[in-house]
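Working notes, structure below.
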Amino acid sequence: WKLENGLRQALELGELRLVYQPQVDVRTGLMTGVEALLRWHHPELGWISPASFIPLAEETGLIVPIGEWVLRTACAQAKAWQEAGLPPVRMAVNLSARQFQEGRLVETVRRVLAETGLEPRFLELEITEGIMMTNRDQAVEMLHRLKAIGVKIAIDDFGTGYSSLGYLKRFPIDTLKIDKSFIRDCMDVPEDAAIVRAIIALARNLNIRVVAEGVEHRRQLAFLFAEGCDVIQGYLYNPPVSPVELEGMLRQQGA
Ligand code: G
Ligand code: G
Ligand code: MN
Ligand code: NA
Numbered sequence: 377w378k379l380e381n382g383l384r385q386a387l388e389l390g391e392l393r394l395v396y397q398p399q400v401d402v403r404t405g406l407m408t409g410v411e412a413l414l415r416w417h418h419p420e421l422g423w424i425s426p427a428s429f430i431p432l433a434e435e436t437g438l439i440v441p442i443g444e445w446v447l448r449t450a451c452a453q454a455k456a457w458q459e460a461g462l463p464p465v466r467m468a469v470n471l472s473a474r475q476f477q478e479g480r481l482v483e484t485v486r487r488v489l490a491e492t493g494l495e496p497r498f499l500e501l502e503i504t505e506g507i508m509m510t511n512r513d514q515a516v517e518m519l520h521r522l523k524a525i526g527v528k529i530a531i532d533d534f535g536t537g538y539s540s541l542g543y544l545k546r547f548p549i550d551t552l553k554i555d556k557s558f559i560r561d562c563m564d565v566p567e568d569a570a571i572v573r574a575i576i577a578l579a580r581n582l583n584i585r586v587v588a589e590g591v592e593h594r595r596q597l598a599f600l601f602a603e604g605c606d607v608i609q610g611y612l613y614n615p616p617v618s619p620v621e622l623e624g625m626l627r628q629q630g631a
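Numbering (the UniProt record's numbering), first residue to last: 377 to 631.
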């Protein structure tokens, strides 16, 4: 009701923002990518997490225009940083189920890249296993069409969906993101450690990049490094930050 009307206006009123969380190469310590994360500043309720409004946006279909805004804003930002002479980083953008199923996604991605001038290889689209499992044949075709544009594909929250591993063979995937629930307890729960180890080994053997999410402690980092994880994302390095803060970090890295 109220939230729905608010969300409808949020775009026009400029209440949506993106924050950016660094993805850091474990070996070099350099930021190689960032994930764009959506925030809504509601005039009365203050900051609202996407976890609470994305489901509403999905139900109402508002996710389609909102998702397009996210994509355009993130791509324009990545391009602006490059034009400012900062070290180029890959920009990861989350897609929701509805956007993925909606027929115009490929056209939208193509158009946004053309309009912003960002090279396709700098854009990574994050989708969940659930999205791919609902309609596999359509998903395979969709991913191949996206790959043909030249963008990267990441599987988000990997390990939490009900998928068979067979799809890793059929789908053109560049990156697996290990779900943060496995990272959280990987130093205390042997089963979680085993799962993390197995996912890293699987990704490496399939030549897929692997990103560990939700890394908060040095000990987790040491474990992930020893197991051969390429990239980490988490509060240990950085929470999501504003565009200005992220720019400062890139500037430091380029210096
Ligand atoms: O950003 P956290 O910090 O709160 O994100 C909460 C949830 O919202 C996560 O599952 C994340 O994937 C999702 N999310 C964040 N930004 C976006 C977005 O731009 N689009 C979609 N579809 N989901 C997003
Ligand atoms: O679902 P997805 O992976 O897209 O969303 C990433 C979510 O993880 C966001 O809500 C982001 O704010 C959160 N996040 C990022 N780093 C950490 C971390 O180190 N610990 C925890 N608990 N959450 C994190
Ligand atoms: Mn994500
Ligand atoms: Na995730």
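For every residue, glycine included, the Cβ atom is placed at its ideal position computed from N, Cα and C.
With a 10 Å radius around its C-beta and 16 neighbouring C-beta atoms as the bar for buried, classify residue i as buried or exposed.
i           : result
residue 583 : exposed
residue 493 : exposed
residue 551 : buried
residue 510 : exposed
residue 381 : exposed
Report the three-state DSSP secondary structure of residue i (helix, strand or coil).
i           : result
residue 452 : helix
residue 585 : strand
residue 601 : helix
residue 550 : coil
residue 631 : coil
residue 412 : strand
residue 536 : coil
residue 622 : helix
Does the distance between the C-beta of residue i and the nearest non-hydrogen atom of ligand 1 fall short of 7 Å?
i           : result
residue 527 : no
residue 446 : yes
residue 427 : yes
Roughly how many angstroms separate the alpha carbons of residue i and residue j, rounded to a whole number?
i           : j           : result
residue 387 : residue 607 : 33 Å
residue 561 : residue 403 : 23 Å
residue 436 : residue 408 : 35 Å
residue 574 : residue 390 : 43 Å
residue 434 : residue 576 : 32 Å
residue 631 : residue 410 : 19 Å
residue 558 : residue 537 : 13 Å
residue 623 : residue 461 : 11 Å
residue 397 : residue 469 : 11 Å
Would you list the one or two residues that DSSP bridges to residue i?
i           : result
residue 545 : According to DSSP, which records beta bridges pairwise, residue 545 is partnered with nothing at all.
residue 378 : Looking at the DSSP assignment, residue 378 forms no beta bridge with any residue, so it has no partner.
residue 398 : 410
Verify the contact flag: residue i, CB atom, against every heavy atom of ligand 2, threshold strictly below 7 Å.
i           : result
residue 443 : no
residue 470 : yes
residue 561 : no
residue 431 : no
Quick one: is the Cβ of residue i within less than 7 Å of any heavy atom of ligand 3?
i           : result
residue 621 : no
residue 434 : no
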